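Right, one structure below, let's go through it.
2 protein chains.
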Amino acid sequence: MVRDLLTEPSHEELAEFLDEQLRLGGALVQVVAECEVLYSGRAASVAEAGEYVVLVKADGSVQVQGPRGVKPVNWQPQTDRLDVALEEGVAVLVAERFTPAEFVRVAFHRPALALALELGENGNFLLMGTEAEMQRALAQDPTIIEPGLTVLDMELPTDVGGIDLFARDVAGRLVVVELKRGKATHEAVHQLNRYVQSVRAVVGDAEVRGILAAPAVTAPALNRLGALGLEFREVTALPLVESGPEQVGLFG
Amino acid sequence: MVRDLLTEPSHEELAEFLDEQLRLGGALVQVVAECEVLYSGRAASVAEAGEYVVLVKADGSVQVQGPRGVKPVNWQPQTDRLDVALEEGVAVLVAERFTPAEFVRVAFHRPALALALELGENGNFLLMGTEAEMQRALAQDPTIIEPGLTVLDMELPTDVGGIDLFARDVAGRLVVVELKRGKATHEAVHQLNRYVQSVRAVVGDAEVRGILAAPAVTAPALNRLGALGLEFREVTALPLVESGPEQVGLFG
DNA sequence: ACATGAATATTGGAT
DNA sequence: ATCCAATTTTCATGT
Chain A
1 MVRDLLTEPS
11 HEELAEFLDE
21 QLRLGGALVQ
31 VVAECEVLYS
41 GRAASVAEAG
51 EYVVLVKADG
61 SVQVQGPRGV
71 KPVNWQPQTD
81 RLDVALEEGV
91 AVLVAERFTP
101 AEFVRVAFHR
111 PALALALELG
121 ENGNFLLMGT
131 EAEMQRALAQ
141 DPTIIEPGLT
151 VLDMELPTDV
161 GGIDLFARDV
171 AGRLVVVELK
181 RGKATHEAVH
191 QLNRYVQSVR
201 AVVGDAEVRG
211 ILAAPAVTAP
221 ALNRLGALGL
231 EFREVTALPL
241 VESGPEQVGL
251 FG
Chain B
1001 MVRDLLTEPS
1011 HEELAEFLDE
1021 QLRLGGALVQ
1031 VVAECEVLYS
1041 GRAASVAEAG
1051 EYVVLVKADG
1061 SVQVQGPRGV
1071 KPVNWQPQTD
1081 RLDVALEEGV
1091 AVLVAERFTP
1101 AEFVRVAFHR
1111 PALALALELG
1121 ENGNFLLMGT
1131 EAEMQRALAQ
1141 DPTIIEPGLT
1151 VLDMELPTDV
1161 GGIDLFARDV
1171 AGRLVVVELK
1181 RGKATHEAVH
1191 QLNRYVQSVR
1201 AVVGDAEVRG
1211 ILAAPAVTAP
1221 ALNRLGALGL
1231 EFREVTALPL
1241 VESGPEQVGL
1251 FG
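Here it is as structure tokens:
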């Protein structure tokens, strides 16, 4: 797993290490150092000299991790070119990307550790409780939303986006359902409203209902929902451990 | 910078190392190992046995980095409790968070490396080209958007959100300006439209214009903009290296 | 390559 | 604590 490890490397040693490991490829290269980071592209940023952990993955992605938080201080998701050089005796890494045009430049002023790791194949990854799962479960059994509901379509395209679930209620009215896997905000309400308006514009004066289905709504969103004549239905995307009387779990 | 380093630790050594370093605090603790990761909370996920780099920062944030991409395979932004244990001879880290209730559980099946790093103070960080900067620059000189424009308000609250810039044009008409630091999508168009509708509802029949100011728009967004009677103005948030004749740079 | 939308989004600020 | 909007969002997906 550990391909190579250098402690307190000199600038020359670090530059050679990086050059060799990146040329070899296939490794996750990591440098712990006091460094200075520049970014220019979609925005521009400067991180003055500080101690960071720099990760360079096999796909060329670069991230500069600081002492706190999940988000890196600087990063680049994918790079088309990686370059290592000694500039005025300091090892420098430049990661460049063409579309969009941007780059990250890390100057390793005081290297403390350099690592090359081979992570090999990783196992399967399973995520449960996504919106897609919720959609499938509700399409399978739309009565979870409301008794008598029948699904007409999923991801039905309109001129303002795709309708998550398009259905007909027990009274024959068309129903637009907007799903959210988490707490729904007013953005979800506006999204739903656009879909309902769009459907109304097509079917004319036929009655069209709009339902926001989510585990929760923010208070302002619920107000707006009512003001627009739309409805809310509590639906949970995750398996429930303890199900209250009002709650509806897809896997309950 | 490197407080401690273990290569090929036994499960017992790793557990002790983690326990000690996390109790001591102030360090970025890292483990390279074949491990299995569980997450449960806002969603649920399982990462089957694979080789990962696990970072535990001083603020309790945990991230499990895989061989590719900037985004971790599993993570937790902040944790209220970190727990290390030996379960059936395997070192296990559990990071728990109370609000929202969630946890990540990492079982280090085959540890290869353990690190404790002290990152110390990091220097200043400067980000340029944010929307806030763009807003300030345009409020300072709104003629960048259009000659004769005078700013009435910034972040003016309406019942559907805050208007980035509220202005009056040379003909005395009210102007709602929505800013985007990147390419504007149809969501930005709908946002702008909501603000314009909201202003119209208040001022009655007075004429209200809506301008979307961004460095670029997607083609569908531009179509919708036209259909709604709104306008687009190209404005760049970043300093321009080479400014074309039609372009307007805030720092040009 | 472009557009779209989800995400365990994260993060910071305002209320 | 809640809500809201920006983000170098990233990332997968469809066209």
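Going down the list, the sequences are from chains A and B.
Per the numbering used here, the very first residue in the first sequence carries number 1; after that it's consecutive.
Per the numbering used here, the very first residue in the second sequence carries number 1001; after that it's consecutive.
Ideal Cβ placement from N, Cα and C applies to all residues, glycine included.
Quick caveat, the model's predicted, so the values are computed rather than measured.
Secondary structure at Ile1144(B): helix, using DSSP grouped into helix, strand and coil. Using a CB distance cut-off of 7 Å, Ser1045(B) counts as an interface residue toward chain A. In this structure, Gly1161(B) and Gln1191(B) form a Cβ contact; the two beta carbons are roughly 7 Å apart against a cut-off of 8 Å.
Considering only beta carbons, the part of the segment 1096-1116 of chain B lying closer than 7 Å to chain A consists of Ala1112 and Leu1113, in chain order. Taking 7 Å as the threshold, the shortest C-beta distance from Glu1016(B) to chain A does not fall below it. Listed as beta-bridge partners of Ala1107(B) by DSSP are Glu1036(B) and Val1092(B). Beta-bridge partners assigned by DSSP to Gly1161(B): Thr1158(B). Look at the segment 51-68 of chain A: the residues with a C-beta under 9 Å from a C-beta of chain B are Glu51, Tyr52, Val53, Leu55, Lys57, Ala58, Asp59, Ser61, Val62, Gln63, Gln65, Gly66, Pro67 and Arg68. Around the beta-carbon of Phe1098(B), fewer than 16 other beta-carbon atoms lie within 10 Å, marking it exposed. Sequence-distant Cβ neighbours of Lys1180(B) in its own chain, meaning closer than 6 Å and more than five residues away, are Ala1188 and Ala1214. Taking 7 Å as the cut-off, the beta carbon of Leu1006(B) is found closer than this to the beta carbon of Phe1017(B). For the segment 178-228 of chain A, the continuous alpha helix (DSSP H) assignments of 4+ residues that do not extend past its boundaries occur at 186-203 and 219-227, in sequence order. In the structure shown, Ala15(A) adopts helical secondary structure according to DSSP, grouped into three states. In terms of beta-carbon proximity, Asn223(A) stays away from the interface with chain B, with every pair separated by 7 Å or more. A distance below 6 Å between beta-carbons, with the five flanking residues on each side excluded, links Ile1163(B) to the following residues of its chain, in chain order: Leu1156, Val1176 and Tyr1195. Straight-line measurement puts the Cα of Leu1149(B) at about 46 Å from the Cα of Met154(A).
Taking all protein chains in view, the Cβ of Leu1024(B) is surrounded by fewer than 16 other Cβ atoms within 10 Å, so the residue is classified as exposed. Segment contact: the segment 55-74 of chain A against the segment 120-134 of chain A, fewer than three CB-CB distances shorter than 8 Å; contact not assigned. For Gln78(A), there is no enclosing beta strand (DSSP E), as DSSP marks it with neither H nor E. Separation of the CB atoms of Ala1033(B) and Phe1108(B) is rounded to 4 Å, and the pair is thereby assigned contact status at 8 Å. Listed as beta-bridge partners of Gln65(A) by DSSP are Val53(A). Residue pairing by DSSP places Asp1169(B) opposite no residue, since no beta bridge is assigned to it. As a beta-bridge residue in DSSP terms, Arg233(A) pairs with Ala213(A).
Residue Thr1158(B) holds the alpha-carbon nearest to the alpha-carbon of Val1202(B) among Ser1010(B), Thr1158(B) and Arg1233(B). The beta carbon of Thr130(A) lies closer than 8 Å to those of Arg181 and Ala237 in the same chain, with the five residues before and after it left out.
One Cα belongs to Pro1077(B), the other to Gly1041(B), and the distance between them is close to 13 Å.
Scanning its chain for C-beta atoms nearer than 7 Å, with the 5 sequence neighbours on each side dropped, one finds around Ser45(A) the residues Tyr39 and Asn74, in chain order. Your pair Gln1030(B) and Val1053(B) checks out as a contact, with CB atoms roughly 7 Å apart and the cut at 8 Å.
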